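Residue 106 in full-length UniProt numbering sits at position 106 of the sequence shown, with consecutive numbering throughout. Glycine included, every Cβ here is placed at the ideal spot set by N, Cα and C. Quantities reported herein were computed from a predicted structural model and do not represent experimental measurements. Please read the structure below before turning to the comments.
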Amino acid sequence: MKKKVAFVCVHNSCRSQMAEAWAKDLGKDVLEVYSAGTEEYHEVKPGAVEVMEEVGIDMGKHYPKLLTDIPQEVDVLITMGCNVACPFVPCSHNEDWGLEDPSGGPIEDFRNTRDIIKAKVEDLIKRVKNQEL
């Protein structure tokens with residue numbers, strides 16, 4: 001049985017989108033993956049799409065979603081570092097990854113965030129496989 005995991009931030013336009021893409025790529029055998037935001041936004045940040053393409057992951061069809069677009073209850077809720085009141089979604093486990101938003105910065109900031117998210121997703125997958133979550 002796959003664990004439902006949701007990555008949530010404010011706009012669902014960068015960090016949570018990269019986390020969703022990594023988790024779908026690396027954890028497809030153990031995770032059912034969603035991402036969403038608390039506020040509407042018009043696009044996934046081009047820098048996020050670009051740096052994920054650099055590692056072979058296509059986010060070209062990704063688009064920002066709202067909390068109402070994902071299941072109303074998940075097993076694991078991961079907030080990305082909202083800097084505002086993080087949303088509540090019923091879940092068995094939640095954690096905040098406290099990631100700085102690279103939006104508006106140089107492409108290297110997007111790459112650093114991408115790599116940090118990959119490591120955190122790999123750790124999440126390991127914990128799910130070890131039945132720690």
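Residue i to residue j span [Cα, whole Å]
| i | j | result |
| --- | --- | --- |
| Ala-119 | Phe-110 | 14 Å |
| Glu-43 | Ile-78 | 21 Å |
| Ile-125 | Leu-31 | 8 Å |
| Val-89 | Leu-66 | 12 Å |
| Lys-2 | Val-55 | 25 Å |
| Tyr-41 | Val-121 | 24 Å |
| Arg-114 | Gln-131 | 26 Å |
| Cys-91 | Val-128 | 14 Å |
Cβ shell of residue i (< 6 Å), same chain only, five flanking positions each side left out
| i | result |
| --- | --- |
| Ala-21 | Met-52, Ile-57, Met-59 |
| Asp-96 | Thr-79 |
| Ala-23 | Leu-31, Val-33, Val-121 |
Residues of its chain near residue i, where Cβ-Cβ distance is below 8 Å and the 5 sequence neighbours each way are ignored
| i | result |
| --- | --- |
| Pro-71 | Lys-4, Ala-6, Tyr-34 |
| His-62 | Gln-17, Glu-20, Ala-21, Val-44, Val-49 |
Residue-chain proximity (residue i, chain B), Cβ-Cβ < 8 Å
| i | result |
| --- | --- |
| Asn-112 | Protein chain content of the structure displayed is limited to a single chain, and chain B is not contained in it. |
Cβ-based neighbour list, residue i, same chain, cut-off 7 Å, excluding 5 preceding and 5 following
| i | result |
| --- | --- |
| Lys-45 | Ser-13, Cys-14, Ser-103 |
| Gly-98 | Gly-81 |
| Asp-25 | Ile-57 |
Span of the alpha helix (DSSP H), counted from its first residue to its last, around residue i
| i | result |
| --- | --- |
| Gly-47 | 46 to 54 |
| Leu-133 | From DSSP, Leu-133 is part of no alpha helix (DSSP H); its letter is neither H nor E. |
| Asp-25 | 15 to 26 |
Beta-carbon spacing of residue i, residue j below 8 Å
| i | j | result |
| --- | --- | --- |
| Val-10 | Thr-38 | yes |
| Ile-116 | Glu-50 | no |
| Ala-36 | Gln-17 | no |
Limits of the unbroken beta strand (DSSP E) element including residue i
| i | result |
| --- | --- |
| Ser-103 | It is not in any beta strand (DSSP E) - Ser-103 carries neither H nor E in the DSSP assignment. |
| Val-10 | Val-10 -> no beta strand (DSSP E), and no H or E assigned at all. |
| Val-74 | Per DSSP, Val-74 belongs to no beta strand (DSSP E) and is neither H nor E. |
| Tyr-34 | 31 to 37 |
| His-93 | 93 to 96 |
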